[in-house]
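Working notes for the structure below.
There are 2 protein chains.
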Amino acid sequence: MKEITSQQQRVLDCIQIYINKTGFPPTRADICKELGFKSPNSAETHLRALEKKGFISIESGASRGISIINNDRNSSINSDEYPVIGLVAAGSPTLAEENIMNTINCPESFFNSSFDYFLKVKGLSMKNAGIMEDDLIAVKKTSDIKNGDIVIARIDDEVTVKFFNRKSPKIVELEPANEDFENIVVNLEQEELHIEGKSVGLLRKN
Amino acid sequence: MKEITSQQQRVLDCIQIYINKTGFPPTRADICKELGFKSPNSAETHLRALEKKGFISIESGASRGISIINNDRNSSINSDEYPVIGLVAAGSPTLAEENIMNTINCPESFFNSSFDYFLKVKGLSMKNAGIMEDDLIAVKKTSDIKNGDIVIARIDDEVTVKFFNRKSPKIVELEPANEDFENIVVNLEQEELHIEGKSVGLLRKN
DNA sequence: AATAGTACTGAATATATGTACAGTATAATA
DNA sequence: TATTATACTGTACATATATTCAGTACTATT
Numbered sequence: 072m073k074e075i076t077s078q079q080q081r082v083l084d085c086i087q088i089y090i091n092k093t094g095f096p097p098t099r100a101d102i103c104k105e106l107g108f109k110s111p112n113s114a115e116t117h118l119r120a121l122e123k124k125g126f127i128s129i130e131s132g133a134s135r136g137i138s139i140i141n142n143d144r145n146s147s148i149n150s151d152e153y154p155v156i157g158l159v160a161a162g163s164p165t166l167a168e169e170n171i172m173n174t175i176n177c178p179e180s181f182f183n184s185s186f187d188y189f190l191k192v193k194g195l196s197m198k199n200a201g202i203m204e205d206d207l208i209a210v211k212k213t214s215d216i217k218n219g220d221i222v223i224a225r226i227d228d229e230v231t232v233k234f235f236n237r238k239s240p241k242i243v244e245l246e247p248a249n250e251d252f253e254n255i256v257v258n259l260e261q262e263e264l265h266i267e268g269k270s271v272g273l274l275r276k277n
Numbered sequence: 072m073k074e075i076t077s078q079q080q081r082v083l084d085c086i087q088i089y090i091n092k093t094g095f096p097p098t099r100a101d102i103c104k105e106l107g108f109k110s111p112n113s114a115e116t117h118l119r120a121l122e123k124k125g126f127i128s129i130e131s132g133a134s135r136g137i138s139i140i141n142n143d144r145n146s147s148i149n150s151d152e153y154p155v156i157g158l159v160a161a162g163s164p165t166l167a168e169e170n171i172m173n174t175i176n177c178p179e180s181f182f183n184s185s186f187d188y189f190l191k192v193k194g195l196s197m198k199n200a201g202i203m204e205d206d207l208i209a210v211k212k213t214s215d216i217k218n219g220d221i222v223i224a225r226i227d228d229e230v231t232v233k234f235f236n237r238k239s240p241k242i243v244e245l246e247p248a249n250e251d252f253e254n255i256v257v258n259l260e261q262e263e264l265h266i267e268g269k270s271v272g273l274l275r276k277n
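Line by line, the protein sequences give chains A and B. The opening position of the first sequence corresponds to residue 72 in the working numbering, with each subsequent residue numbered one higher. The opening position of the second sequence corresponds to residue 72 in the working numbering, with each subsequent residue numbered one higher.
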């Protein structure tokens, strides 16, 4: 599923709200009325973009033939116990039993992607990304990392949560979201970088 | 609710099946095709009968403007489905059905306190508190508010998420967590301040 | 500099759709 | 017996609706 723009999100929300309110999807004109567009083609182009990106399907020729594609509803509502692992300044967030602080019962399809454990955040190096001390990051163990992903990285025995940014085949920058911290530049030829996984969600209890 | 005839039941079932299959209601012609009628008026008269008996509602003039009226409104009290409500700049986040964007299955004891619904955040006025755009705030409907709590407040029809700070019996300050925004000072003698509830947790999908 | 994506306005049009009107027929009800 | 509800066919038409075409403008990427 590709990225959605803010305007496309507005249109998608508008469709969902309209369906909840009336029981049937809106026309192009209805969307224009709700969002203040003056041409039905404004709605049309957004709908086509949403269709292209896989958020909705459009029945050709049919009036109000819009349906929202829900990709986390088809998966069953199975709940599971997920471990909560503490991120210590010098320590590895493995699933070793001694690192499991407690568990949280949570539906398997809770986030947009499956995940493996919760990581309890220490420090404020990602505060500008809305990740605060003691927040729980839902971590998916994967090596499928793209630039801009929030990753759980280990260098030697140091574990950290940062933005991932591959500068060149051999250089990776781990970027904090806090002006008080500096980028960590990793030269893969000299240092070993292990990516534990990436963040697919966040949970905060207050 | 009056009695339903067998043919009307067939039509009602047809509508439900069509909605389940496509996501939107059928046209008169669609019903004819499904049930073997040869005139759209056959469907029309059945629809009018179903409407008269209260099984469906028909939006006049609108294509596919059929919606099935659900009489078994048992909002299953001990269910784990929590509604997600959009926070619109000028609009109230009530539990009115038209504002419910979707629901999230979640254990009742998920946060440290019980809660009533999720609120989808718009804007960045609380970014320094780690609340970002499109985050879902778990809202507990309560009037038990202490200074420093993150509250969902309504002034006139403006709804906002801010820190709560009672300065004096008559003065309440609503404080953002973003240097680009200013405190909202509410004189309770002059303005009406309604506290929808407070944040007891946060959920982010990325 | 060229291309592609987003975000719109505005006009035009083929057709999809609701809906009225004219019939026929059967069964139940007042 | 007259009336009403059910259960259809068939035709017709105004309009609701999807959809295309022609523009403008901004932004990001190549």
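Positions of the beta carbon are idealized from the N, C-alpha and C atoms, including for glycine.
With 7 Å set as the bound, which would you pick, yes or no: does the beta-carbon of Pro96/A sit closer than that to a beta-carbon of chain B?
yes
Counting beta carbon pairs with one atom in the stretch 232 to 239 of chain A and one in the stretch 173 to 184 of chain A, are three or more of them shorter than 8 Å? Pairwise C-beta distances place the stretch 173 to 184 of chain A out of contact with the stretch 232 to 239 of chain A, as fewer than three of them are shorter than 8 Å.
- prompt: When DSSP labels each residue in this structure, what does Asn254/A get in the three-state scheme?
  reply: coil
Item to check | Between the CA atoms of Ile226/A and Pro154/A - distance to the nearest angstrom | outcome: 23 Å
Secondary structure, beta strand (DSSP E): runs of 3+ residues fully inside the stretch 93 to 150 of chain A:
DSSP runs (the beta strand (DSSP E)) wholly in the stretch 93 to 150 of chain A: 127 to 129 and 137 to 139.
Problem set entry | CB-CB length for Thr213/B against Gly272/B, believed under 8 Å | Going by Cβ atoms, the distance from Thr213/B to Gly272/B rounds to 14 Å, so no, they are not a contact pair.
**Asked** Helix or strand or just coil, what does DSSP make of Lys198/A?
**Response** helix
Could you work out which residues of chain B lie near Phe182/A, taking near to mean beta carbons separated by less than 7 Å? Lys276
Practice item. Identify the contact partners of Ile137/A in chain B, using a Cβ-Cβ distance below 9 Å as the criterion. Key: Gly94 and Phe95
Length of the line joining the Cα atoms of Ile52/A and Gly94/B
Residue 52/A is absent from the structure shown; chain A starts at 72 and stops at 277.
Next on the checklist: Using a Cβ-Cβ distance cut-off of 7 Å, determine whether Met203/A contacts chain B.
Outcome noted: yes
Using only the alpha-carbon positions, how far apart do Ile242/A and Leu264/A sit? 10 Å
Does any C-beta atom of chain B lie closer than 7 Å to the C-beta of Ala161/A?
Only weak support exists for where Ala161/A lies, its pLDDT of 43 falling under 50; the coordinates are left without a value.
Please report the straight-line C-alpha distance between Asp251/A and Glu262/A, rounded to a whole angstrom. 24 Å
Q | Cβ-Cβ separation, Asn199/B to Ala248/B (assumed contact under 8 Å), whole Å | A | 4 Å
Partners in chain B for Leu273/A, counting only beta-carbon separations shorter than 9 Å:
Gly201, Asp206, Leu273, Leu274, Arg275, Lys276 and Asn277
Margin query: Tell me the rounded alpha-carbon separation between Arg119/B and Ile88/B.
Written below: 19 Å
Can you give me, in chain order, the residues of the stretch 110 to 121 of chain B that have a beta carbon less than 7 Å from any beta carbon in chain A?
none
Problem - Assumed close pair Glu115/B, Arg135/B - CB separation to whole angstroms, cut-off 8 Å - result: Taking C-beta atoms under 8 Å as the contact rule, Glu115/B and Arg135/B fail to qualify, at a distance of about 13 Å.
Go through its chain and collect everything with a Cβ distance to Ile139/A's Cβ below 8 Å, but skip five positions before and after it.
Leu83, Ile86, Gln87, Ile90, Phe126 and Ile127
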